[in-house]
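So the structure is just underneath, and the comments pick up after that.
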Amino acid sequence: MAARLADLCNGERVVVFLFVSSVLFSTPSSLAPEAAALLILSFAALLAEISTEGSRALSQFKTRPGASSGILLGSVTMPAAMLSRLILLTRAISQHHVGSEDFSYMSMLYWAVSACSFGVLILCLSLQNPPSDTSSRFGGVPAAIYSLFCTIFYMCSCYLSLSAKSYAAWHATLNLLWYLCHGIATVALIRHILHKFPYCASIGEALLVTSGLVLYAGDMLALSLSKILSSLLFMEHAFVEYGTKSEIHMVLQGMLLGLLLFPSFYKSVLYIGCLLTSSNNSGAQLGRGWAYVGISRSMLFYFSLLTVLILIVPAWMMFAEDFHIHPLQWVVIFVFTEPLKRTTLCIYWISVICASVFRFYNISKQSKIERILLRKYYHLVAVLMFVPAILFEPTFLDLAFGAALAVFLILEMIRVWEIWPLGHIVRKFMNAFTDHRDSEILVISHFSLLLGCALPKWMSSGYNDRPLVPFAGILSLGIGDTMASMVGHKYGVLRWSKTGKKTIEGTVAGIASVLVACFILLHLASAGYILSQHWVPLLLAVTLSGLLEAYTAQLDNAFIPLVFYSLLCL
799 MAARLADLCN
809 GERVVVFLFV
819 SSVLFSTPSS
829 LAPEAAALLI
839 LSFAALLAEI
849 STEGSRALSQ
859 FKTRPGASSG
869 ILLGSVTMPA
879 AMLSRLILLT
889 RAISQHHVGS
899 EDFSYMSMLY
909 WAVSACSFGV
919 LILCLSLQNP
929 PSDTSSRFGG
939 VPAAIYSLFC
949 TIFYMCSCYL
959 SLSAKSYAAW
969 HATLNLLWYL
979 CHGIATVALI
989 RHILHKFPYC
999 ASIGEALLVT
1009 SGLVLYAGDM
1019 LALSLSKILS
1029 SLLFMEHAFV
1039 EYGTKSEIHM
1049 VLQGMLLGLL
1059 LFPSFYKSVL
1069 YIGCLLTSSN
1079 NSGAQLGRGW
1089 AYVGISRSML
1099 FYFSLLTVLI
1109 LIVPAWMMFA
1119 EDFHIHPLQW
1129 VVIFVFTEPL
1139 KRTTLCIYWI
1149 SVICASVFRF
1159 YNISKQSKIE
1169 RILLRKYYHL
1179 VAVLMFVPAI
1189 LFEPTFLDLA
1199 FGAALAVFLI
1209 LEMIRVWEIW
1219 PLGHIVRKFM
1229 NAFTDHRDSE
1239 ILVISHFSLL
1249 LGCALPKWMS
1259 SGYNDRPLVP
1269 FAGILSLGIG
1279 DTMASMVGHK
1289 YGVLRWSKTG
1299 KKTIEGTVAG
1309 IASVLVACFI
1319 LLHLASAGYI
1329 LSQHWVPLLL
1339 AVTLSGLLEA
1349 YTAQLDNAFI
1359 PLVFYSLLCL
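Following our numbering, the numbering of the sequence shown begins with 799 at its first residue and continues without gaps.
Encoded structure:
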């Protein structure tokens, strides 16, 4: 019995429990429905994770080897981050720093991302063994009963939250259906991703990615539908609530969504091209033409990419977001609004990237240093690049993060499809830095590092009364995770578990280094911030994120920054 209890209360679950408890404890009474939904979501996620352990319920999904399911951590991370942001905006509203539309928009995002998590949890519970099998029961009650109860409770909490905002009954019902559509879309997308890219992610990692994608795409779809309905039906109210967004975020949303949808567009164009080629060539001519198929396919790739970025995406943005200038033209104007500071920063970034890439690539070929440590050097490079930008050009960094992510997406498509002439070069370079967490299909480590640094910065745009929040990703990954790995690898003796590699010495070093960096940044970023009133929450945030790095078997670059961000917002 004691052994079973120890297995149920493993280190990762204890840290997640403390994390969720901290968020719920800080939630004001005005956000009671949101807090209740997060509580029941955590319970349902724990139920789903325990019930799938050791069973074949999720065997149809080929998840990343060596990783646990991560259902609990993946389910609560994004909703907790959104709720933390709502708590911060509640303080801002009380001080009249933001309007109610921004709060309503963030509330909509919270319920939408919660619906995404609930949808996947229901999927996991529905794949359980038959009711006669005791592994799918808890206290004699089938897991399906719990999932039904959790769904009903979620819908009631959501409806109460919408009703409290004085929505009409039809408008509240429409919003509730829209949130449920997010859950359905997430279930469909996560099944597609885990089947299309086997052994690339755990359930929790895939849930974090799919919920973010559905949330991002759903926001743009809501804007488009609102425009269509207002044009055709002369509706005064928006299809769903959406807040005011800066021009930078409009550009990033349009371009990144265009790149994410580009593979479907390219495959359609390629399919049509193959049909036309087959109908216009005889068998001998077709056989002779295959010598040029690689170059032809590559040219078609570049032409399709330019078509999407230069024509289709700008037209979509101008319609849905009333963006009255070409996005690329706007980017050029924005960069040269302050040419000295921003071009200097670009030159600095390019210099750091070139020096580090050439240096580390040569080390990877000549040295026997472990790749996990070699990759940590890139974490330090992230600190060198992003900390000065947050201090002196935070808005320009938002745009730069999006541009870097766009470049990563394009290079990954070139690598996977072996697009001439860069495909082989990119594949050879990336193979020098891959480890067991990357697969032959997708290389995700550089994406997780970039997004781990970028997401806290993007999510902290607008009002922010916690000066360390934009640094959450850089502190947790660039400093904490790096110091923990290096110290643990060189000096670590005491391990957290018999089967794990993480050491107590490494974790202590990571926590201590982040605390020191926080004190330094507080003096640089906000001289008027009263640390004596917030040192306990800061210590809790640093400690819990450090313990999560020690215990989790998930991709820590993806989860630790969001957990640290959530706790810093409180």
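Backbone N, C-alpha and C define an ideal beta-carbon position, used for all residues, glycine too.
Just the Cα atoms here: how many angstroms apart are residue i and residue j?
i	j	result
methionine 1116	serine 1024	14 Å
proline 826	valine 1267	20 Å
lysine 860	glycine 868	14 Å
leucine 1275	cysteine 1251	8 Å
threonine 1301	isoleucine 1318	26 Å
alanine 1283	lysine 1174	Here residue 1283 turns out to be serine, not alanine, going by the sequence shown. When rounded, the distance between both Cα atoms is 8 Å.
serine 959	histidine 993	36 Å
serine 1000	leucine 871	11 Å
isoleucine 1046	serine 1259	11 Å
valine 1106	lysine 1139	31 Å
cysteine 998	histidine 895	43 Å
methionine 1053	arginine 1213	20 Å
glycine 1290	glutamate 1347	15 Å
asparagine 1355	glycine 1016	25 Å
tyrosine 1100	methionine 1211	11 Å
cysteine 979	phenylalanine 1269	33 Å
glycine 917	glycine 981	4 Å
Locate the alpha helix (DSSP H) running through residue i, then write down its first and last residues.
i	result
tyrosine 908	898-924
asparagine 1229	1221-1229
alanine 1354	Note that residue 1354 is aspartate in the sequence shown here, rather than alanine. Aspartate 1354 -> alpha helix (DSSP H) spans 1354-1367.
glutamine 893	That residue, glutamine 893, is in no alpha helix (DSSP H); it is neither H nor E in DSSP.
glutamate 847	830-850
isoleucine 1294	Correcting the residue type first, residue 1294 is tryptophan in the shown sequence and not isoleucine. Careful: tryptophan 1294 lies outside any alpha helix (DSSP H) and carries neither H nor E.
serine 827	Here serine 827 belongs to no alpha helix (DSSP H), and DSSP marks it neither H nor E.
glycine 868	Premise fails: glycine 868 is in no alpha helix (DSSP H) and is neither H nor E.
serine 1343	1333-1349
tryptophan 1128	1125-1133
glycine 1278	Taken as a continuous stretch (DSSP letters only), glycine 1278 belongs to no alpha helix (DSSP H), as it is neither H nor E.
If I measure Cβ to Cβ from residue i and keep anything under 6 Å in the same chain, skipping five residues before and after, which residues do I get?
i	result
leucine 1273	Val1312 and Ala1315
threonine 1008	Thr984, Leu987 and Ile988
alanine 842	Leu919 and Cys948
leucine 1209	Val1224
leucine 1338	none
Give the DSSP-derived three-state secondary structure of residue i in the structure shown.
i	result
arginine 862	coil
threonine 1301	strand
arginine 1264	coil
tryptophan 1256	helix
glutamate 1210	helix
proline 1061	helix
proline 1137	helix
serine 1246	helix
proline 1192	helix
cysteine 998	coil
glutamate 1119	coil
leucine 1074	helix
Looking only at its chain, what residues have a beta carbon closer than 7 Å to the beta carbon of residue i, apart from the 5 residues adjacent to it on each side?
i	result
serine 1364	Val821, Ala878, Ala879 and Ser882
alanine 834	Ser955
glycine 1298	none
isoleucine 1048	In the sequence under discussion, the amino acid at residue 1048 is methionine, which differs from the isoleucine named in the question. Excluding sequence neighbours, methionine 1048 sits near Met1115, Glu1119 and Phe1121.
isoleucine 1098	Before going further, note that residue 1098 is leucine rather than isoleucine in the sequence given. Correct list, in chain order: Val1067, Leu1068 and Gly1071.
serine 824	Ile885 and Leu1368
phenylalanine 1245	Phe1206
alanine 910	Tyr977, His980, Leu1013 and Gly1016
Is it buried or exposed, residue i, if we count other Cβ atoms within 10 angstroms and call 16 or more buried?
i	result
isoleucine 1242	buried
glutamine 1352	buried
lysine 1296	exposed
histidine 1321	exposed
tyrosine 1349	buried
isoleucine 991	buried
valine 874	buried
threonine 1135	exposed
alanine 846	buried
asparagine 1160	exposed
glutamine 1083	In this prediction, glutamine 1083 has a pLDDT of 46, which is less than 50 and means its spatial position is unreliable; what the coordinates show is noted afterwards. Glutamine 1083 should be labelled exposed.
aspartate 1279	buried
valine 1155	exposed
leucine 1074	exposed
Looking only at its chain, what residues have a beta carbon closer than 8 Å to the beta carbon of residue i, apart from the 5 residues adjacent to it on each side?
i	result
leucine 829	Leu881, Leu884, Ile885 and Thr888
leucine 1195	Phe1184, Ala1187, Ile1188 and Lys1255
alanine 1204	Met1053, Leu1054 and Leu1057
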